[in-house]
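Protein sequence lines, in the order shown, are assigned to chains E and C.
So for the first sequence, this note's numbering puts the first residue at 504; every next one is plus one.
So for the second sequence, this note's numbering puts the first residue at 8; every next one is plus one.
Beta carbons: idealized from backbone N, C-alpha and C, even for Gly.
So the structure is just underneath, and the comments pick up after that.
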Amino acid sequence: MSEKKPETKRKKRPLTPKRREQSRREFLRASVLTVGVVGASLLGFVPVIQGNALRLRPPGALKTPDDEQEFFASCIKCGQCVQVCPVEAIKLADLPDGFGIGLPYIDARAQACDFSCDGLQCVLACPTGALTHDLDYPADTRMGFARLSRPKACLAMQGKGFKGQARGPDYEGLLRYEEVDRWNPIPVADYPYDLEICDLCVRQCPIEIRITQCEENASDSDQQQLARVAQQMGNECPPKHAITLEPVDLGDGVKRMKPVVQEGCVGCGVCEMICPVESAAIVIDLDKNADTVMEG
Amino acid sequence: MRYIKDSLLQVFGYKIPRPSKDQQSPEVRAIYEGKMGKLSKADLEALHIEHKGTTFFKKWQKRRWATLIIVNLLFVASFYFDVQLVEGSLTGARVVGFHFADLNAALQVALAYKHIVLNLVIGMVTVFIMWMLLGGRTFCSWVCPYHLLSEVAEYLHLWLAKKKIIKNRTFSRKVRSVFYVIFALLALVTGYTVFETISPTGILSRALIYGPGIALVWVGLLLLFEVFYSRRAWCRYVCPIGVTYGMVGVFSPVRVKYNAEACHHEGDCRKVCLVPHVLDLTIRNGAAEVNQDVASDCTRCGMCVDICPTDSLTFEVKGLSKMLK
């Protein structure tokens, strides 16, 4: 023991002035570094508070129309949802979204979610439940709620038809057309329309397509087959209509139709995507969903 | 036990006191005493120059860079060619269907969200076991894409420092533990995964797989800071991922082993090391035993193994090495 004492003393010898000065500086620098890095990370709060990070999220995102905090917290920012989406609708947010960096979102006008996968692949891919597994069918989704934002621009409201490629020849967006290919979405540009009165938002609505499929004549075995496949893939028959076309009479003798958003709308954004008017006459509101609309 | 205690102390930024004479084994004492005054400063200098290495790449560095690039390219190729081999990114992935979750990212999510779903638990356990077997901070030097960029920045930094254009500034190493606690608390209190916003590991991994973005500017700033102000600052003083895996590595059988017998104590290993405090035991009188393992803050990068002129530092797999010999 007598030998150990001087050893411990040697270790506790006070630092030389030079060493002390160095460790003082190291401490000061470390303090500045802490403030700097933590400060920089907290800047991520700014876009969140300003509401600039609010976006159309993939199906099942843990959020209410005005609060995405739970989604921000639960997402691990890995992008597995991006990888499984057959129409590549999902993108990851960048640094300007602050805390929302790496969070998946959908730019509906560029590429909406048309439930081509039937079974909500993004939800199944999510490792953290940020896209909640409580969701069973596309019709249960609550992404937002469609609204005819520019009724005067709407072709149907003007009594006009539509002929040609919905979004022009250069548009890269994809949709699934059952009659072309049950499994693979094709470019919208490859599917020109010729419509007496424009009903694209209703015609292409995935919920409406599914309802029509379910209602098809039982004697039509092809349609039955499709309906059964979809059901097996996890796409049950939606209980409510999402959008309908209703006649409007302005008393000028022109046959006009109005797209009316119904309680079954999930906010997937296909109507906004397919609307041939620039900019879209129908858009998705993020601050609403079918549930909040029904409540009041 | 002592290894665990020393490792954790170092991970959290404390200095392990040098062993006193009576804490050293008689064998190692004999070695130190036998070497007393054997090498002059000029001899050490000559040794240093001799073993500076003729090529840029050394054996382990080559292997490590190749591994790092291949792992990250696997993610990229898997998505690009849609082969579903390694889906996701470094924060969370599915490797041929099995869940993998970065422990630090998962921890941030768990603290912010305050729930954990089963898939995440599976992913965490898988990754914990994987890195526990492979060395913990092995993640840093063998997988993290920021580490690679930072290594390049380090060469620039050292070159500029040699030309006396810049000076390296050091920080108190304890600051990394402070960051660890702060980011854990921020996740818990704010309910946002605050660290993920600035994590260059996540940003780079996503940029590689899903395409570059503005977030790369932040990574660029970090690199500039490392080139011109402080060598390897992010990995050394900030990154909580390193702390997480430093703790995992405490239980790892993959370690760098130090043998005091032939060591000249010339200190080349500490000059190339990302975390030179783990090599304090290579200083004369620094080791308590003849053979001693480098503590778990070591990233198992192999730079010291490459540079050591006497093979006093070697990779070992505890338990396995004996079988292999």
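Identify the contact partners of Cys-581 (chain E) in chain C, using a Cβ-Cβ distance below 7 Å as the criterion.
Listed by position along chain C, the residues whose Cβ is nearer than 7 Å to that of Cys-581 (chain E) are Gly-95, Ser-96, Thr-98, Gly-99 and Ala-100.
Comparing the C-beta of Ala-49 (chain C) with each C-beta of chain E, is any distance below 8 Å?
Under the Cβ criterion of 8 Å, Ala-49 (chain C) is not counted among the residues facing chain E.
For the beta strand (DSSP E) containing Pro-607 (chain E), list its first residue and its last residue.
First-last of the beta strand (DSSP E) with Pro-607 (chain E): 607-609.
Does Ile-76 (chain C) come out as helix, strand or coil in the three-state DSSP assignment?
For Ile-76 (chain C), the three-state secondary structure derived from DSSP is helix.
Relative to the C-alpha of Pro-247 (chain C), which candidate in C:Asp-300, C:Thr-208, C:Ile-77 and C:His-106 has its C-alpha closest?
Per the C-alpha coordinates, the member of C:Asp-300, C:Thr-208, C:Ile-77 and C:His-106 positioned closest to Pro-247 (chain C) is C:Thr-208.
Start and end of the beta strand (DSSP E) containing Leu-595 (chain E)?
Residues 593-595.
Which whole-angstrom value is the C-beta distance of Tyr-39 (chain C) and Arg-291 (chain C), which I expect to be below 8 Å?
Confirmed, Cβ separation roughly 6 Å.
Buried or exposed for Trp-149 (chain C), going by 16 or more other Cβ atoms inside 10 Å?
Label assigned to Trp-149 (chain C): buried.
Given Ala-556 (chain E) as reference, the closest of E:Asp-637, E:Glu-718 and E:Ala-596 once Cα atoms are compared
Considering only alpha carbons, the answer is E:Ala-596.
Continuous alpha helix (DSSP H) stretch holding Tyr-39 (chain C): start and end:
Here the alpha helix (DSSP H) through Tyr-39 (chain C) covers 33-42.
C-alpha distance - Val-312 (chain C) paired with Leu-545 (chain E), whole-angstrom precision
In this structure, the straight-line span from the alpha carbon of Val-312 (chain C) to that of Leu-545 (chain E) is close to 40 Å.
Based on the DSSP output, what are the partners of Ser-96 (chain C) in its beta bridges?
Note: Ser-96 (chain C) is bridge-paired with C:Gly-99 in the DSSP secondary-structure output.
What does Val-185 (chain C) touch in chain E if you count any residue whose Cβ is under 8 Å from its own?
Within chain E, Ala-533 and Thr-537 have C-beta atoms less than 8 Å from the C-beta of Val-185 (chain C), given in sequence order.
Per DSSP, which residues does Tyr-696 (chain E) bridge with? Please list them.
Per DSSP, E:Gly-667.
Express the C-alpha separation of Ser-27 (chain C) and Ser-505 (chain E) in angstroms, rounding to a whole number.
Reliability of the predicted coordinates at Ser-505 (chain E) is poor, the pLDDT of 40 falling under 50, and the value obtained from them is presented with this limitation in mind. Cα to Cα, the separation comes out at about 13 Å.
Run down chain E in chain order and give the residues with a C-beta less than 8 Å from the C-beta of Ser-179 (chain C).
Ser-179 (chain C) reaches chain E at Ser-526, Glu-529, Phe-530, Arg-532 and Ala-533, counting residues in chain order whose Cβ is nearer than 8 Å.
For Glu-158 (chain C), the first and last residue of its enclosing alpha helix (DSSP H)
According to the DSSP assignment, Glu-158 (chain C) belongs to the alpha helix (DSSP H) that extends over 152-169.
Could you check if Ser-526 (chain E) is buried or exposed, using at least 16 other CB atoms within 10 Å of its CB as the buried criterion?
The residue in question, Ser-526 (chain E), is exposed, as its Cβ has fewer than 16 Cβ neighbours within 10 Å.
Would Gly-632 (chain E) pass as an interface residue toward chain C - the criterion being a Cβ-Cβ separation below 8 Å?
At a cut-off of 8 Å between beta-carbon atoms, Gly-632 (chain E) makes contact with chain C.
Measuring straight from C-alpha to C-alpha, what distance separates Ser-259 (chain C) and Arg-307 (chain C)?
Straight-line spacing of the CA atoms in Ser-259 (chain C) and Arg-307 (chain C) works out to 11 Å.
Taking Cβ to Cβ, would you say Leu-288 (chain C) is nearer than 8 Å to Tyr-265 (chain C)?
Yes, the pair counts as a contact, with Cβ atoms nearer than the cut-off.
Cα-Cα separation between Val-705 (chain E) and Arg-101 (chain C), rounded to whole angstroms
Computed Cα separation, rounded: 38 Å.
Whole-angstrom C-beta distance between Thr-133 (chain C) and Phe-105 (chain C), which should lie under 8 Å:
Sure, about 6 Å apart at Cβ, within 8 Å.
Tell me the DSSP secondary structure of Thr-145 (chain C) in three-state form.
When secondary structure is reduced to three states using DSSP, Thr-145 (chain C) falls in the helix class.
Let me confirm a value: Ala-267 (chain C) is counted as buried when at least 16 other C-beta atoms fall within 10 Å, else exposed. Which label applies?
It counts as buried.
Measuring straight from C-alpha to C-alpha, what distance separates Cys-717 (chain E) and Val-255 (chain C)?
If you take the alpha carbons of Cys-717 (chain E) and Val-255 (chain C), they lie about 54 Å apart.
Run through the stretch 198-242 of chain C for me and flag every whole alpha helix (DSSP H) of 4 or more residues, listed as ranges in chain order.
The DSSP assignment places complete alpha helix (DSSP H) segments of no fewer than 4 residues inside the stretch 198-242 of chain C at 201-205, 207-217 and 222-235, in order along the chain.
Taking the C-alpha atoms as reference points, what is the distance between Leu-193 (chain C) and His-122 (chain C)?
Each residue's alpha carbon lies about 16 Å from the other.
What would DSSP say about Met-797 (chain E), mapped onto helix, strand or coil?
In this structure, DSSP gives Met-797 (chain E) a helical state, which the three-state scheme calls helix.
Would you please state the rounded distance, in angstroms, between the beta carbons of Glu-529 (chain E) and Phe-19 (chain C)? I believe it to be under 8 Å.
Taking a contact as a CB-CB distance under 8 Å, the pair Glu-529 (chain E) and Phe-19 (chain C) does not count as one, their CB atoms being some 16 Å apart.
Pull up the CB-CB distance for Ser-652 (chain E) and Ile-785 (chain E), whole angstroms please, since I reckon it's below 8 Å.
About 7 Å; that satisfies the 8 Å criterion.
Rounding to the nearest angstrom, what Cα-Cα distance links Asp-318 (chain C) and Ala-269 (chain C) in this structure?
Taking the straight line from one Cα to the other gives about 8 Å.
Taking 8 Å as the limit between beta carbons, can you name the residues of its chain near Arg-71 (chain C), skipping five residues before and five after?
Only Ser-148, Trp-149, Cys-308 and Gly-309 meet the Cβ criterion.
Terminal residues of the continuous alpha helix (DSSP H) containing Asn-111 (chain C)?
Here the alpha helix (DSSP H) through Asn-111 (chain C) covers 110-120.
Please name the residue, chosen from E:Glu-798, E:Ala-793, E:Leu-789 and E:Met-797, that lies closest to Asp-569 (chain E) on a Cα-to-Cα basis.
Comparing Cα positions, the closest option is E:Leu-789.
At a Cβ cut of 7 Å, what residues of the stretch 240-255 of chain C count as close to chain E, listed as they run along the chain?
Those residues of the stretch 240-255 of chain C that come within reach of chain E (Cβ to Cβ, closer than 7 Å) are Tyr-244 and Val-245.
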